[in-house]
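Here's the structure we're looking at; comments come further down.
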Amino acid sequence: NAGNKLRWTILGIEYDWNTKEYPADGRILPSELKDMGEVISLAMGMKKMTPDATIINYYPPKTALSPHVDKSERSKAPLISLSFGQSAVYLSGGLDLDDDVIPIWLRSGDILIMYGEQRLVYHAIPCIVKQKNYEVKDDKLLEEYINSSRINMTIRQVNP
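In this note's numbering, each number is its position in the sequence shown, counted from 1, plus 360.
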């Protein structure tokens, strides 16, 4: 299944995985994602953000995301993370890799917001856990994928 080889894609301003930087500008983020970021940030009582990028991570079975900090954005706006498909264990650490971690379940439909000090903590996804079966009418390939994998969309504001 070719879907199991897909790991990420970017909508809006392109992140350069080699340099770990964003260019000054780029493609326009789809309005639905921009609107969603604005609505969620305001609903949570935060300053209105103006999203301009979304990284979509695909987690096929037996994949993980190593500890890292999202610090390439020039804005201090929140990161809004949306989870779909199978569940994941999310580890939220501190400002140093040696800090204690807090494990959190992320299930399909969950929204995780990294804001303020939490915006710069180390975090990771050590494993995906199959917890639910979904029925997808007329698309067995999609049904097979979503019943074994996780999709995460992180809405971001790159530029202040």
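Note that CB positions come from ideal geometry on N, CA and C, so glycine has one too.
Buried or exposed: which applies to residue 399, given that a residue is buried once 16 or more other Cβ atoms fall within 10 Å of its Cβ?
-> exposed
Boundaries of the beta strand (DSSP E) in which residue 403 is found, first to last residue = Here residue 403 belongs to no beta strand (DSSP E); instead the alpha helix (DSSP H) covers 391-403.
Span separating the alpha-carbon of residue 372 from that of residue 442 | Rounded to whole angstroms, the separation of the alpha carbons of residue 442 and residue 372 is 17 Å.
Taking all protein chains shown into account, decide if residue 412 is buried (16 or more other Cβ within 10 angstroms of its Cβ) or exposed.
-> buried
Just checking, does the region 503-518 make contact with the region 429-438 on the three C-beta pairs under 8 Å criterion?
-> yes
Output the boundary residues of the beta strand (DSSP E) element that contains residue 373.
-> No beta strand (DSSP E) contains residue 373, which DSSP labels as neither H nor E.
Taking residue 450 as part of the beta strand (DSSP E), name the residues at either end of that continuous run.
-> 447-452
Extent of the continuous alpha helix (DSSP H) run through residue 502 | Residues 500-506.
Supposed contact pair residue 429 and residue 502 - C-beta distance, whole angstroms, cut 8 Å | 33 Å between Cβ atoms; not a contact.
Could you check the C-alpha separation between residue 462 and residue 451 for me, to the nearest Å?
-> 6 Å
Would residue 432 pass as a contact of residue 381 if the rule is Cβ separation under 8 Å?
-> It is a contact, given that the beta carbons lie within the stated cut-off.
So, residue 488 versus residue 415, is the Cβ gap smaller than 8 Å?
-> no
Which residue or residues does DSSP assign as beta-bridge partners of residue 513?
-> DSSP, once it has assigned bridges, lists 416 and 442 as partnering residue 513.
Residues that DSSP places opposite residue 463 in a beta bridge = 451
Compare the Cα-Cα distances from residue 422 to each of 365, 378, 478 and 472 and report the closest residue.
-> 365
What three-state label does DSSP hand residue 477 in the structure shown?
-> helix
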